[in-house]
Amino acid sequence: MPTWVRAILVIGLLYLFLVGVKLLEGGIKGLGSDFTDALFDSVSNPLSGLFVGILATVLVQSSSVTTSTIVGLVAAGVIDVPAAVPMIMGANIGTTVTNTIVALGSVRRSDEFRLAFTAATMHDFFNVMAVAILLPLELLTGFLSEWAASIANFIAGGEGLTFDSPIKGAVKWGAGLFEDGYGTVIKNETAVAVIGIILGIALIFLTLMFITKNMKVLVATRIERSLNAVLAKSGLIGMIVGMIVTIAVQSSSITTSVLIPLVASGILLVRNAYPITLGANVGTTVTALLAAMAAGTIAGLTIALTHTLFNLVAIAVLYPWKRIRYIPVDLASKLADLAVRRTWAAIAYVVAFFVVLPIVGIVVLS
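Here numbering that gives the first Met the number 0 is used: the first residue of the sequence shown is 0, the next is one more, and so on.
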């Protein structure tokens, strides 16, 4: 497929993604407050919300899908910003499972596997450390969400609940076409709402999947060139490259997964790959910001900005200080040494941390 055709296709898919967010928001509102209050009552517990974010992201293999859905829920008034913050942080942890699974592909070559597994799990450890530090602070002070709310109100130009943007108007028109289509055939309001939710989630998931696939083809070789170009550069440049690449492909999982074979083959040092993964954390928040602009509510924009600020503050807290900067790398290296000696430990780690722990946490805390 010619490059220009793929580029146009990506633009069309991005528009459908935003329409999906709008349909999800409308469908949730159509179900009524009683239903939605009962459905999301469990996430009022911060730890439960954290585990929901982890598990949801593991299941769909995309933090962008999870965070965009959360933006839609907040915009629809189903959950408030404080309840959504732990879910957003959980999505940050859950997204690291993809590159950890990619690392298991080198399990039969011990030297490569040690490097690959270290490169993959240092992302896990960084995000867990970030949540361990910032979630309690957020619960005590609300500093991230309050900061995000101030920025959201500044962008929106006022203190209202909603705001207008060109994106919101264009997306509302597209969502209206879908709603008019099935709304004229189906007269039951609940059924219309359910269809809106199903169609919205389907559009979010499928469009992001195809956007990622097309962007990977468009910039795959450029990604490797960019990563290799920063080998001898500073960590800040690595973060910027990671952020730009992730914004381009709309997936932090692709950026971090590309790093794994580069590190495993010795082309890229683990410590050089580290800042690129942190930049990817920031870059992946752009999808939720786009979703928030389509939703056009202050609350939706606030939670999207909270996601961005969380990742920026995490870098500011953990990266500048030499004594703690490489703790995630050192922990990942120790785990990789164990995984090389005991292959089952690597598999047990992935299953226990990303699946069993969230499920048990949700069940116990619900």
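C-beta: ideal position from N, C-alpha, C; glycine also.
Collapsed DSSP secondary structure at residue i in the structure displayed
i: threonine 95; result: coil
i: threonine 296; result: strand
i: valine 106; result: coil
i: isoleucine 239; result: helix
i: tryptophan 343; result: helix
i: glycine 367; result: The shown model of the chain, from 0 to 365, leaves out residue 367, and the question about it has no answer.
i: leucine 268; result: coil
i: asparagine 310; result: helix
i: tyrosine 325; result: coil
i: proline 81; result: helix
i: threonine 35; result: Caution is warranted here: a pLDDT of 49 is assigned to threonine 35, below 50, making its placement in the model unreliable, and no coordinate value can be reported.
i: proline 1; result: coil
i: tyrosine 318; result: coil
i: asparagine 44; result: coil
i: serine 61; result: coil
i: threonine 301; result: helix
i: threonine 283; result: coil
Residue from the options with nearest C-alpha to residue i
i: isoleucine 236; options: Leu277, Ile194, Ser149, Val262; result: Leu277
i: serine 332; options: Glu111, Ile314, Leu138; result: Glu111
i: isoleucine 297; options: Gly156, Ile239, Val193; result: Gly156
i: valine 375; options: Leu317, Ser256, Phe153, Ala6; result: Residue 375 is absent from the model: the chain starts at 0 and stops at 365.
i: alanine 263; options: Val101, Ser43, Thr2, Leu134; result: Val101
i: glycine 295; options: Ile239, Leu49, Gly168; result: Gly168
i: leucine 49; options: Val130, Leu23, Ser63; result: Val130
i: alanine 313; options: Met128, Met242, Val362, Ala338; result: Met128
i: phenylalanine 196; options: Phe209, Glu178, Val184, Gly104; result: Phenylalanine is not the amino acid found at residue 196; the sequence shown has isoleucine there. Nearest C-alpha to isoleucine 196: Glu178.
i: proline 327; options: Ser67, Pro45, Leu8, Phe124; result: Phe124
i: asparagine 152; options: Ile346, Met238, Ala291; result: Ala291
i: glycine 175; options: Leu8, Leu23, Trp146, Arg340; result: Leu23
i: tyrosine 318; options: Asn187, Met121, Val350, Ala347; result: Met121
i: valine 4; options: Asn280, Ala347, Gly234, Asn213; result: Asn213
i: valine 363; options: Ile10, Leu46, Leu8, Ala6; result: Leu46
i: phenylalanine 353; options: Leu337, Gly265, Leu58; result: Leu58
i: valine 9; options: Phe209, Trp343, Leu289, Thr254; result: Phe209
i: valine 70; options: Thr342, Ala287, Asp329; result: Ala287
Close Cβ partners of residue i (< 7 Å) along its chain, the five nearest in sequence each way excluded
i: leucine 136; result: Phe142
i: threonine 140; result: none
i: leucine 114; result: Val262, Ala263, Val269
i: serine 43; result: Ala82
i: serine 251; result: Ser62, Thr94, Thr245, Ala279, Asn280, Gly282, Thr283
Spatial neighbours of residue i in its chain, beta-carbon cut-off 6 Å, leaving aside the 5 residues before and after
i: threonine 117; result: Val269, Ala331, Ser332, Ala335
i: leucine 261; result: Leu267
i: isoleucine 150; result: Leu304
i: threonine 65; result: Ala55, Thr56, Ala90
i: glycine 182; result: Val191
i: glycine 234; result: Pro274
Contacting residues, own chain, Cβ-Cβ under 8 Å from residue i (five flanking each side not counted)
i: valine 170; result: Tyr14, Leu17, Val18, Val20, Lys21, Ala293
i: threonine 206; result: Leu12, Leu13, Leu15, Phe16, Gly19
i: serine 144; result: Val80, Pro81, Val84, Glu137, Thr301, Ile302, Thr305
i: leucine 258; result: Asn98, Ala118, Leu226, Leu267, Ala272, Ile275, Thr276
i: isoleucine 361; result: Ser41, Ser47, Phe50, Val51, Leu54
i: valine 316; result: Ala129, Ile132, Leu133
message: At 4 residues or longer, what runs of the alpha helix (DSSP H) sit wholly inside the segment 127 to 203?
response: 142 to 155, 165 to 182
- prompt: Between the segment 292 to 309 and the segment 67 to 84, do three or more beta carbon pairs fall short of 8 Å?
  reply: yes
message: If contact is defined by three or more beta carbon pairs under 8 Å, each pair taking one atom from either stretch, is the segment 342 to 361 in contact with the segment 54 to 70?
response: yes
Contact the segment 100 to 108 vs the segment 309 to 328: 3+ CB pairs below 8 Å: no
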